[in-house]
Ligand code: PLP
Ligand code: COI
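Next up, the structure:
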């Protein structure tokens, strides 16, 4: 096991020894391999630099109490990356090869999977870029699929302490795509407003639907879940938010492990003050409680408050994390044992 201060890791890049690379040329992916070079050398005119032809994924591997290493639902990331690739006119990386690359990568870097109980995990970042030179606006014909991993701690400072978010003055959707795929461009388009939010002391922006600006969509890096005063889980239904694997999994856990009622429906901003608890959910965020929502001079304070996570989200979080660490039995196919 590597010597790192595992309990103090934030969400930052710590290079690990191996990464997986496969290249696409003349209409086919090569066989792919683990490599040690963390750098990529490309033409200045590569499509990724000129027209941002890039998409990515994010998933995690965990150390169990017994010292095993497991990965959470990599098949779901493989599928979503196919959707992203198609939308960006890139050749999909085969789903079975994606899962196999996760296995190879995590196994090769197993010493960097943080110990059980530290709250840290190994974050895996697959991505794909258009690599050959293009100067007219058109897709590349050559691509690189790459997957690296890095040990991470909590995404938001303070871990389980609730965060404040603000309603963004901007729309989430990038002009050339929508939020339902993980395109680098969509994230680049939110950097400016995220910096503004951070500067004003907020952890994230809350994006409203661009058409009417009355419905809650998501934040820059996570979906929303809400808990009603009678203990129901409510989460926004929208075609332009990223279909979060965490959210999908939490809906299942809430219903089948905790016996909660679950509703995926349009959530109006005007309803927020009626909820008992709120959280941001995602691979990086896990479930980060939200205590306050700022809307142009007005604050909505959730009854669960800014001091500590509310009781329902706490129970959901504990159950979810126990499933991810193979401490309680997961639904069929959710846990891939690496070693
Ligand atoms: N929404 C956005 C914009 C994200 O970047 C993420 C992170 O991947 C999520 C939601 C959560 O998705 P997932 O649970 O699949 O990580
Ligand atoms: C993830 O949760 O994996 C993401 O891609 C979100 C990003 C903000 C780190």
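Residue numbers (this note's numbering): 520 to 858.
We put the beta carbon where it would ideally sit given N, CA and C, even for glycine.
| Item | Value |
| --- | --- |
| By Cβ distance, which residues of its chain are closer than 7 Å to residue 758, with the 5 residues on each side in sequence left out? | 699 |
| Pull up the distance between the alpha-carbon of residue 848 and that of residue 839, whole angstroms please. | 11 Å |
| Should residue 740 be listed as close to ligand 2, given that the test is whether its C-beta is under 7 Å from any heavy atom? | yes |
| Taking the alpha carbon of residue 631 as the reference point, which residue from 664, 589, 656 has its own alpha carbon closest? | 589 |
| Grab the span of the beta strand (DSSP E) containing residue 644 for me, first residue to last. | 640–649 |
| Report yes if the CB atom of residue 743 is closer than 8 Å to the CB atom of residue 762, and no otherwise. | no |
| For residue 679, does the three-state DSSP call read helix, strand or coil? | coil |
| Skipping 5 residues on each side, what residues in its chain have a beta carbon closer than 8 Å to that of residue 614? | 594, 597, 598, 601 |
| Between the Cα of residue 530 and the Cα atoms of 572, 677, 820, 603, which residue gives the shortest distance? | 677 |
| Out of 686, 745, 622, 609, state which residue places its alpha-carbon closest to the alpha-carbon of residue 660. | 609 |
| Suppose the cutoff is 7 Å on Cβ atoms and the five residues either side in sequence are ignored; what does the same chain contact list for residue 555 look like? | 536, 537 |
| Output the residue ranges of the beta strand (DSSP E) runs that lie fully inside the region 753–793 and measure 3 residues or longer, sorted by chain position. | 781–784 |
| So, at 7 Å on beta carbons, what are the nonlocal neighbours of residue 779 in its own chain, with the 5 sequence-adjacent residues on each side left out? | 750, 751, 752, 773 |
| Taking the straight line between their C-alpha atoms, what separation do you get for residue 826 and residue 851? | 36 Å |
| Please name the residue in 643, 741, 636, 831 whose C-alpha comes closest to that of residue 629. | 643 |
| Please work out which residues of its chain come closer than 6 Å, Cβ to Cβ, to residue 544, disregarding the five sequence neighbours upstream and downstream, and give them in chain order. | 661 |
| Let me know the secondary structure DSSP gives residue 810 once reduced to three states. | strand |
| When DSSP labels each residue in this structure, what does residue 533 get in the three-state scheme? | coil |
| Looking only at its chain, what residues have a beta carbon closer than 6 Å to the beta carbon of residue 842, apart from the 5 residues adjacent to it on each side? | 849 |
| Pick out whichever of 729, 809, 853, 815 has its Cα sitting closest to the Cα of residue 832. | 809 |
| Quick one, which of 823, 770, 606 has its alpha-carbon nearest residue 784's? | 770 |
| How is residue 666 classed by DSSP in three states: helix, strand or coil? | strand |
| Taking residue 664 as the reference, give the member of 708, 611, 707, 767 with the closest Cα. | 611 |
| Curious, which full-length alpha helix (DSSP H) runs of at least 4 residues does the region 693–724 contain? | 703–718 |
| Can you tell me which of 691, 776, 775, 822 puts its alpha carbon nearest to the alpha carbon of residue 798? | 822 |
| Is residue 668 near ligand 1, in the sense that its beta carbon is under 7 Å from a heavy atom of that ligand? | no |
| Taking all protein chains shown into account, decide if residue 733 is buried (16 or more other Cβ within 10 angstroms of its Cβ) or exposed. | exposed |
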